[in-house]
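Scroll down for the structure; my scribbles are underneath it.
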Amino acid sequence: MTRRTEWPDSPAEPGGDAGSGYGPTDASAAARGAAADDVGARSGRRSREGAGAGRGFGEGAGRRARSGTRSSGSPSSSRAEKGEPRDPVEQARNICLRLLTGTPRTRKQLADALRKREIPDEAAEEVLARFEDVGLIDDAAFAGAWVESRHHGRGLARRALVRELRTKGVDSAVIDEAVGQLDPDQEEETARELVARKLRSTRGLDRDKRLRRLAGMLARKGYGEGMALRVVRQALEEEGEDTEGLDEPF
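Just remember that the working numbering sits 13 ahead of the position in the sequence shown, which is counted from 1.
Okay, here's the thing in structure tokens:
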């Protein structure tokens, strides 16, 4: 059984809040450090070899950097004052490491963050590909952990989980595999638990209003109409409610 991790109601998107309140799954701090050293070393080698001059490497880049430092108010001067690297690969690496600290992200979330920071596409692709190679980006692991946590922690059903993962940019095939881990019987049992917790607050209301409130709660969490109606009807019957006529769609 996968260790459950509590996910927030509104996880932070790249470029927004710094963290989303849940821990990393497979990536450890040691792995992050190894990836940082690896990408940094590769950037240093390219700089020494004079490759990639168009992206700020080599002797020419040094001259351009010095020129930028002398130009008051320029972007290069501003970055230098803040101590930020001028190499776009280094910038992309630092951005991704910051976003991944304590918070798993999908490849699309990181790509969107790099695009927002105006990192060149070539540099962004290089860093994202390398992070995938070392396991710091793993959309399949992200989706699996998301399904496990959001179902057990928030009671979300497949439909809601699919919708959430799509907003994270996870591939459809990966989503299907992740939600496939949910057993239909377990999903229905979770729906019963949700109704049981909500049932007390509906006592004193008329039957139809109780039905709408309980079924609406399940619908918002992604449960289908048929399952929601069946679960609510059984819960009302156990309280002695007359459920005749509740077979029709709500």
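C-beta: ideal position from N, C-alpha, C; glycine also.
1. For residue 232, which residues of its own chain have a beta-carbon under 7 Å away from its beta-carbon, when the five flanking residues on both sides are left out?
2. Quick check: is the beta carbon of residue 160 nearer than 9 Å to any beta carbon in chain C?
3. Please state whether DSSP places residue 252 in a helix, a strand or coil.
4. Tell me which residues share the same chain as residue 255 and place their Cβ nearer than 8 Å to its Cβ, disregarding the 5 neighbours each side in the sequence.
5. Taking the C-alpha atoms as reference points, what is the distance between residue 117 and residue 124?
6. Output the distance between the C-alpha atoms of residue 203 and residue 129, rounded to the nearest integer angstrom.
7. For residue 136, which three-state DSSP category applies?
8. Give me the Cα-Cα distance between residue 238 and residue 103, rounded to the nearest whole angstrom.
9. Report buried or exposed for residue 197, applying the criterion of at least 16 other Cβ atoms within 10 angstroms of its Cβ.
10. Would a C-beta distance cut-off of 9 Å place residue 174 and residue 235 closer than the cut-off?
11. Between the C-alpha atoms of residue 247 and residue 164, what's the straight-line distance to the nearest angstrom?
12. By alpha-carbon positions, which one of 249, 244, 121, 153 ends up nearest to residue 180?
13. Consult DSSP for residue 194 and reduce its assignment to one of helix, strand or coil.
According to the structure data:
1. Residue mapping note: residue 232 aligns to position 219 of the sequence shown, counting from 1. Cβ within range, chain order: 241.
2. Given the protein chain composition of this structure (a single chain), no chain C is represented.
3. For the purposes of this step, residue 252 is taken as residue 239 along the sequence shown, with counting starting at 1. In the structure shown, the three-state DSSP call for residue 252 is coil.
4. The sequence position of residue 255 within the sequence shown is 242, counting from 1. Here the set comprises 220.
5. What you label residue 117 is simply residue 104 of the sequence shown in a count that begins at 1. What you label residue 124 is simply residue 111 of the sequence shown in a count that begins at 1. Between residue 117 and residue 124, the C-alpha separation is close to 14 Å.
6. One-based indexing of the sequence shown puts residue 203 at position 190. One-based indexing of the sequence shown puts residue 129 at position 116. About 39 Å.
7. Counting from 1 along the sequence shown, the entry for residue 136 is found at position 123. In the structure shown, residue 136 sits in a helix (DSSP, three-state: H, G or I).
8. For the purposes of this step, residue 238 is taken as residue 225 along the sequence shown, with counting starting at 1. For the purposes of this step, residue 103 is taken as residue 90 along the sequence shown, with counting starting at 1. Within the model, the alpha-carbon separation for residue 238 versus residue 103 is close to 50 Å.
9. Within the sequence shown, numbered from 1, the residue matching residue 197 stands at position 184. A residue is called buried when at least 16 other Cβ atoms come within 10 angstroms of its Cβ; residue 197 does not meet this threshold and is exposed.
10. If you number the sequence shown from 1, residue 174 lands on position 161. If you number the sequence shown from 1, residue 235 lands on position 222. In contact: residue 174 and residue 235 (Cβ atoms closer than 9 Å).
11. Counting from 1 along the sequence shown, the entry for residue 247 is found at position 234. Counting from 1 along the sequence shown, the entry for residue 164 is found at position 151. Pairing residue 247 with residue 164, the inter-Cα distance amounts to about 22 Å.
12. Translated into the one-based positions of the sequence shown, residue 180 becomes position 167. Taking only the C-alpha atoms, the option nearest residue 180 is 121.
13. Taking the first residue of the sequence shown as 1, we reach residue 194 at position 181. Assignment of residue 194 by DSSP, reduced to helix, strand and coil, places it in the coil class.
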